[in-house]
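Residue numbering for the sequence shown follows this note's numbering, starting at 5 and increasing by one per position.
First up is the structure itself, then whatever we jot down about it.
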Amino acid sequence: TQYPDECHIAIFSDETLSDCKIITTDKISYASGRNKSQYYQTIWSTENGDIYVLSPSYAKTMADSRQQTTLPAGAVRIKAGEENFDSDYYVNIEELSGGRSFMRSWYIGNGNILLQMYDAPFTVGSSAPSALSLAIFNVENKSLNFVEGLPQTLSSLGKAPFMENGYAYMPITTTDDYPAIYKIDPITATATKGAVIEVTSVDGVGKLQPQL
5 TQYPDECHIA IFSDETLSDC KIITTDKISY ASGRNKSQYY QTIWSTENGD IYVLSPSYAK
65 TMADSRQQTT LPAGAVRIKA GEENFDSDYY VNIEELSGGR SFMRSWYIGN GNILLQMYDA
125 PFTVGSSAPS ALSLAIFNVE NKSLNFVEGL PQTLSSLGKA PFMENGYAYM PITTTDDYPA
185 IYKIDPITAT ATKGAVIEVT SVDGVGKLQP QL
């Protein structure tokens, strides 16, 4: 957080991590979702090899003015095969969401990223607000739509949803029933209740594949 108004990305030449190039942009703050001392991935590659770098601008909450950012939550791009930020691409996610940022992100596919949204804008010097909303960010048409169909008694979202065939499957815990897996359609930005699991909470969901 010494450079809250910049994002630095290291590009390594191979898996040995011995040679790298660092590129910088001042369009977004550092690219990492945060929750207290935890950091979450916000860099995703699409099917064509383009890389999208998202920043929630968590530095807006810093009490020390030297660590604060003035930049809104946003997204930039590194095109496939390139080693510099795409000067023609920038999305102000905070503007699209009505002033709210995001805590986590997961790539669903086909240019759609699932965002766990904060429920209110950041406040300087305060802890981040609760994050019990979901939204679909489409990197190609630069749109953001909040997911509808989530239960009103939602108390927590899963930490590890499962992606398959263009859909996201998110574990959701409520205050008045057992947790359930919700199928999220990124095209319509809607959630549909699926399997109910008779436990107190569910953090993640996956799928076992047979080994041939």
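Glycine is no exception: its CB is placed at the ideal position from the N, C-alpha and C atoms.
Validate contact between the segment 110 to 118 and the segment 35 to 54 using beta carbons, cut 8 Å, 3 pairs: yes
Okay, do the segment 125 to 132 and the segment 148 to 161 touch, 3+ Cβ pairs below 8 Å being the bar? no
If you run the structure through DSSP and keep just helix, strand and coil, what is R70? helix
Round the Cβ separation of I97 and G78 to the nearest angstrom and send it over; I've been treating them as touching at under 8 Å. 5 Å
Taking the straight line between their C-alpha atoms, what separation do you get for P214 and S33? 42 Å
Rounded to a whole number of angstroms, what is the C-alpha to C-alpha distance between S22 and F106? Their backbone Cα atoms lie some 33 Å apart in a straight line.
Please classify K211 as buried or exposed, where buried requires at least 16 neighbouring CB atoms within 10 angstroms. K211 sits exposed, since fewer than 16 C-beta atoms from the chains shown fall within 10 Å of its C-beta.
A63 - DSSP class collapsed to helix/strand/coil: helix
Measuring CB to CB, does Y93 end up less than 8 Å from R104? no
What three-state label does DSSP hand E98 in the structure shown? In the structure shown, the three-state DSSP call for E98 is helix.
What do you get for F126, buried or exposed, if any count of 16 or more other CB atoms within 10 angstroms of its CB means buried? It counts as buried.
As assigned by DSSP and simplified to three states, the class of Q42: Q42: strand per DSSP, three-state reduction.
DSSP beta-bridge partners for N149? I140
Considering only C-alpha positions, which residue in the set A63, Y122 and N169 is nearest to A35? A63
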